[in-house]
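Per the numbering used here, the sequence shown runs over residues 47 to 679. All C-beta atoms, glycine included, are put in the ideal place defined by N, C-alpha and C.
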Amino acid sequence: MNYNNFYTESIRDPEKFWATQADTIAWYKKPETILSEDKNGYPLWYKDGELNLCYLTIDKHVEEGYGEEIALIYDSPVTQTIKKYTFAEVKAEVAKLAGGMLALGLKKNDTAIIYMPMIPQTAFAMLACARIGVTHSVVFGGFAPHELAIRIDDCKPRVIITASSGIEVDRLIAYKPLVDEAISLAEHRPKKVIVFNRKLGARVPFKKYDVDYETLVYGSEETPCVPLPATHPLYILYTSGTTGKPKGIIRDTGGYAVALLFSMKYIYDVQPAETFWAASDMGWAVGHSYILYGPLLNRNTTVIFEGKPIKTPDASTFWRVIADHKVNTMFTAPTAIRAIKKEDPDGDFIKRYDLSCLKNQFLAGERCDNATIEWFQKHIPIPVIDHWWQTESGWPMVANSLGLEKMPVKSGSATKAVCGYDIKIFNENGEEVGTNEEGLVVIKLPLPPGNMLGIWGNEARFKASYFDKFDGYYLSGDGGYKDNDNYIFITGRVDDVINVAGHRFSTAEMEEIVSSHELIAECAVIGIHDELKGQVPFALVVTKLNATMSHFQLQQEIENLVRQQIGAVASLKNIVIVKRLPKTRSGKTLRRLLRSLCDGEEYQIPSTIDDESIIDEINSVLKEHEIGCYKIK
């Protein structure tokens, strides 16, 4: 199939194109209205259609005779456990859990937070919510109680579903005390907390609101899937915003189902019954789309992996999983490959395994450097496909669509726009720039199915964040350019959200936490380049005049503050004390200039800078502490 013809059709007549794609899924009520608008003029897809995503991912396959095929493989090197579940087994577990949730008083349009590690019960909880029309919000288990409390107050869940513990390499993390602390910090009080006890030795304090997961499932009847409108909010997924307060991205049901099935076929080129592994976490967009819903929609076996690319037990883990479970297509972040490369530069672990089953390796979450791709292909000679998308989109926006036509790979490019995405590069004035000229990556409305429905409880922020700058266009927040062949190159964020190993964090939120230390007068937190994680946060702090604490102790205390309030995944370990911060005459901190200084990039001194001599001051401090481009390798 020709990419150009297919893509052109999707842009010329999106309504006709996505009407055809809607025929690929089973509706309870087939939509007659394909494309419409909400009260604010934002596009809606299939608004009069009815369906249920749990039915499409599980029940439908059982009804069609595939109940004994493997749906989920749980591979946990941290507990030395491998367990496989058929579609029929998943259906029974999910239907009974959904029945138990109904018995607890949950109903369609309620919300639930899921705060769990990478275990099968996390998937069961998500599917059970989808089955009865409860909007779920999965919160990454690495977040501290403070972050969980923010999300509790924002989405106001009727229940929280959690587990007794998670495992970080070789360290047991008791989840239940964290949930209890978050509830005590939050203003909203959930009615119940459903607790899956893993019986690994973690402390599980009992509260009056607690319900045992296994008891609930055992004592419940299976409940059928509830027909839901296509625009029903399937889930809320929080992503960092530049204001410091997370944005609750809302995903619809119908458009999302159509888009995910389209992507499995035309982007990932995965056939039903093949094994697909997205090595991510269920708490991120990748986990929702490509650990759970996408593969199961396409009747693929999906892998739920509880471990790390290294240290569980070593850098051979990924290759062992691929070989053991005959993985055909894999998706991970470049950080994971870099970590493996660092531990096993000569690829000795790779040689131990038969990886002939692996057809394609997809990378996303951050920019991938050419050296990492070359290392991978040297040891595993298969296509390595970089592609670009966001939490907001829910599925790829720029990719090498293998199911349509395999295009040549260009280093640094995610290839071309995916069907439905009319991507342009604008300057600040909203004018389209020329070939190879960098600007703002924008997408002409209507966005295709599967994109966000809005921001939970905040229509004004939704409009201001994405649509106010350029009328009729979605502002991605990323910079980039197109080359002569219409290949798209994404150059990075243009706001103050940083990307640490595929996890997005708000520098505004980090600054607020750093500034809360009693000795800090002011600070700036930026993201600087890191070979392993893509970016890491770096804080420049100005201390109060009476501060006598050593640099080492201050760094430790600030690091602990961030760890306690955001979580260890934030990794704020680079902290330096400076006399002052570079600012404009109006008092605005010049963060972009700081990033350029740290990364050793060319920069222009803004005409509005208060005092140019501060540049030499900052460079001197960076060199003294071996930060960024001054780091000794």
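| query | From Asn416 to Leu639, what does the alpha carbon distance come to, in whole angstroms? | reply | When rounded, the distance between both Cα atoms is 26 Å.
| CA nearest to the CA of Lys254, picked from Ile240, Leu99, Tyr264 | Among Ile240, Leu99, Tyr264, the Cα nearest to that of Lys254 is on Ile240.
| task | Taking only runs that begin and end inside the region 576 to 650, name each unbroken beta strand (DSSP E) of 3 or more residues, in chain order. | result | Along the length of the region 576 to 650, whole beta strand (DSSP E) runs at least 3 residues long occupy 580 to 589, 620 to 623, reported in chain order.
| request: Report yes or no: do the region 271 to 279 and the region 80 to 98 share at least 3 C-beta pairs separated by less than 8 Å? | output: Short answer: they touch.
| Gln482 (DSSP reduced to helix, strand or coil) | According to the sequence shown, residue 482 is Asn rather than Gln. It is coil, neither helix nor strand.
| task | Go through the region 110 to 140 residue by residue and report every complete run of the alpha helix (DSSP H) that reaches 4 residues or more, in order. | result | Complete alpha helix (DSSP H) runs here, min 4: none at all.
| message | Quick check: what's the CA-CA separation for Ser402 versus Phe364? | response | Approximately 14 Å between the Cα atoms of the pair.
| What residue from Asn532, Arg58, Phe52 has the CA that sits closest to Lys490's CA? | The option with the nearest alpha carbon to Lys490 is Arg58.
| said: Going residue by residue through the region 245 to 272, where are the continuous beta strand (DSSP E) segments of at least 3 residues, counting only ones entirely within it? | reply: If one requires a minimum length of 3 residues, the beta strand (DSSP E) runs lying completely within the region 245 to 272 are 256 to 258, in chain order.
| field | Start and end residues, alpha helix (DSSP H) containing Tyr281 | value | Here Tyr281 belongs to no alpha helix (DSSP H); instead the beta strand (DSSP E) covers 281 to 285.
| message | Please confirm whether Arg244 has its beta-carbon closer than 7 Å to some beta-carbon of chain D. | response | The structure shown contains no chain D; it is built from a single protein chain.
| said: So for His234, helix, strand or coil by DSSP? | reply: DSSP places His234 in coil when its eight states are reduced to three.
| task | Return helix, strand or coil for Ala410, following the three-state DSSP convention. | result | Ala410 falls in the coil class under three-state DSSP.
| query | Identify the residues that DSSP records as bridge partners of Tyr339: which are they? | reply | Per DSSP, none; premise fails for Tyr339.
| field | Gly538 (DSSP reduced to helix, strand or coil) | value | Note: Gly538 maps to strand in three-state DSSP.
| request: Could I get the ranges of all uninterrupted beta strand (DSSP E) runs contained in the region 324 to 369, with 3 residues as the minimum, in chain order? | output: For the region 324 to 369, whole beta strand (DSSP E) runs of length 3 or above, ordered along the chain, are 347 to 351.
| Around the Cβ of Thr553, are there at least 16 other Cβ atoms within 10 angstroms (buried) or fewer (exposed)? | Buried is the call here.
| request: Report all residues from its chain with a CB closer than 6 Å to the CB of Phe242; omit the five preceding and five following residues, and keep chain order. | output: Counting only residues of its own chain and dropping the five nearest sequence neighbours on each side, Phe242 has a CB closer than 6 Å to the CB of Gln167, Ala209, Tyr259.
| task | Taking the CB atoms as reference points, tell me whether Ile207 and Ala171 lie closer together than 7 Å. | result | In contact: Ile207 and Ala171 (Cβ atoms closer than 7 Å).
| Unbroken alpha helix (DSSP H) run spanning Ile295, endpoints | No alpha helix (DSSP H) contains Ile295, which is instead part of the beta strand (DSSP E) from 293 to 297.
| Is Asn51 helix, strand or coil by DSSP? | Note: Asn51 maps to helix in three-state DSSP.
| said: For Gln601, tell me which candidate among Leu274, Asp105, Arg249, His563 has the shortest Cα-Cα distance. | reply: The candidate whose alpha carbon is nearest that of Gln601 is His563.
| For Tyr681, which residues from the same chain have a beta carbon less than 6 Å from its beta carbon, with the 5 sequence-adjacent residues on both sides left out? | Absent from the structure is residue 681, since the part of the chain shown begins at 47 and ends at 679.
| Counting along the chain, where does the alpha helix (DSSP H) carrying Ala209 start and finish? | Membership of Ala209 in any alpha helix (DSSP H) is not indicated; the residue belongs instead to the beta strand (DSSP E) covering 205 to 209.
| request: Report yes if the CB atom of Ala331 is closer than 7 Å to the CB atom of Thr437, and no otherwise. | output: Between Ala331 and Thr437, the CB-CB gap stays under 7 Å.
| field | Distance between Gly212 and Ala220 (C-alpha atoms, nearest Å) | value | If I take the Cα positions, the gap works out to 7 Å.
| message | Which residue marks the beginning of the alpha helix (DSSP H) containing Tyr161, and which one marks its end? | response | Run containing Tyr161: none in the alpha helix (DSSP H); it sits in the beta strand (DSSP E), 157 to 161.
| said: Which of the three DSSP states is assigned to Tyr314 in this structure? | reply: DSSP places Tyr314 outside both helix and strand once states are collapsed to three, so it counts as coil.
| query | Alpha carbon to alpha carbon, how far is Ala382 from Asp576? | reply | Whole-angstrom Cα-Cα distance: 13 Å.
| query | Which stretch, first to last residue, makes up the beta strand (DSSP E) that contains Trp421? | reply | In the DSSP assignment, Trp421 falls outside any beta strand (DSSP E) and within the unbroken alpha helix (DSSP H) covering 416 to 425.
| request: Taking Asp105 and Lys137 to be in contact with their CB atoms under 8 Å, please state how far apart those CB atoms are, rounded to whole angstroms. | output: Indeed, because the Cβ distance is near 6 Å, the residues count as touching under 8 Å.
| query | Thinking C-beta only, is Ala190 closer than 7 Å to Val140? | reply | Note that the C-beta distance between Val140 and Ala190 is not below 7 Å.
| said: Can you find the residues in the same chain that come closer than 6 Å, C-beta to C-beta, to Pro427, ignoring five residues on each side of it along the sequence? | reply: Hits under 6 Å: none found.
| field | Pair within 7 Å by beta-carbon distance, Phe535 and Ser457 | value | In this structure, Ser457 does not lie closer than 7 Å to Phe535 by Cβ.
| Rounded Cβ spacing between Phe422 and Met376 (contact assumed at less than 8 Å) | With 8 Å as the limit, Phe422 and Met376 do not qualify as a contact, their Cβ atoms being about 11 Å apart.
| said: What would DSSP say about Lys509, mapped onto helix, strand or coil? | reply: Note: Lys509 maps to helix in three-state DSSP.
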